[in-house]
Every structure is written in structure tokens, then in C-alpha cells.
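So the sequence shown is numbered by full-length UniProt numbering: it starts at 1 and just counts up by one.
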Amino acid sequence: MIEDGNLDQPRDIILYAKDHRLSRLYETHATYDPLQYPLLLPYGELGWTYTDTCDGDIVRRNKRGMSLREHVAYRLYQKCDDQSVLHQGGRQFQQYCVGQRAKCEQEQLRWVAAQQSEIRADLYSGLNDSLMSESTTVLGEGEALLSEYNRSAHTLQHPDQPR
């Protein structure tokens, strides 16, 4: 169910349960992909969740789990001698790829919205204002202090010339 692309209303699947209740599966639920693409994932392989982790022999720095992008890359990578139904899906495989890309973009937007206090983009607005104003000071020609730079013209030499 896609409405207007608003972050408050993400893609989801509405299920009508046997007990006559409606339940909602968000795109980050493990069963979202098998329900959205039943022909491509006929064995009910679970999709990505926030709690997915990598195998133990993979060394990762500062990461607790597998990102959605890493999960999608793993799924889309065609292994040798792999007769995957997913990769033989034709146009539905293309639709799956587009859906996964949209999911990755939505997840990035969700992360940026949740991390605004850490990103602190408002601090950079002063830099933008300074660049846009006409009162910026410009150094004249030859005013740069190249001698303080260790790779300046007087320290560089041609490889054929002796020091």
C-alpha cells in the first residue's frame, strides 16, 4: 500500500487474519518480501529486518547488524551454479529490484530524519550564508603563503635536477 511517499506512511501490507482482524506488516518486517513477491520467493525466504547480522567470520567495524543495502546486495549477487528463481523472474525480478532500491532510499530518508540532532545540519547554514554573501574576502594574486606549505614551488624539484 503506497500512498504519497510520506515518511509517516511507509509501504506496508495489510493482512486479513483468520480471526477476522486486520494486521499491518511494514516493509522492515521479515515476511514483507515473501508476501510482496510470492513467485520470486516461493520457499518463503525471509527478508531483511533491523536485527539481521552477518556470518561470524565476517569482520565488521562499528556495526551491530547488516544494513538493508548489504542484504539486498547479497540477494542480488548471483552465485555460481545458482538456479535461483529470483534471478530467473524476468519482469517481476526487475520490479523486485526497483522495489528494493526504493526500500533502500526510504530507509536512508528515515535514518536522516531520525538522526537530525546528530547530523546538526543547521550548523552548516552559516557557511552557506557566508559563501552566498558578497562580502567575502578574496586574496589577491600572489598573496598566498606558499612557503608555509611543504610542497610549495620552491621545495619541489624536477626529478632530473640535483638537490
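C-beta atoms are modelled at their ideal positions from N, C-alpha and C, and glycine is treated no differently.
- Beta-bridge partners of S23 (DSSP): L15.
- G47 is not a Cβ neighbour of P38, given a cutoff of 9 Å.
- Contact check for L41 and L109: beta-carbon distance about 25 Å, past the 8 Å limit, so the pair fails to qualify.
- Between Q36 and the set L15, H20, R21, the nearest pair of CA atoms involves L15.
- The DSSP assignment places complete alpha helix (DSSP H) segments of no fewer than 4 residues inside the region 56–110 at 68–76, in order along the chain.
- If you draw a straight line from the Cα of F93 to the Cα of T31, it comes to about 18 Å.
- With distances taken between CA atoms, C97 lies nearest to L68 out of T51, L68, R120, E118.
- A Cβ-Cβ separation of about 5 Å places Q100 in contact with V72 under the 8 Å criterion.
- Between A114 and R11, the CB-CB gap reaches or exceeds 9 Å.
- Taking every protein chain shown into account, the CB of M66 has 16 or more other CB atoms within 10 angstroms, so this residue is buried.
- Judged by beta-carbon spacing, E105 lies beyond the 9 Å limit of T28, meaning their Cβ atoms are not closer than that value.
- Taking the Cα of Y26 as reference, the smallest distance to any Cα among I13, K79, H20, W111 is reached at I13.
- Per DSSP, the continuous alpha helix (DSSP H) segment holding Q116 begins and ends at 116–119.
- Straight across, the Cα-Cα distance linking G90 with S84 is about 12 Å.
- DSSP places S133 outside both helix and strand once states are collapsed to three, so it counts as coil.
- Here R120 is exposed, its C-beta having fewer than 16 other C-beta atoms within 10 Å.
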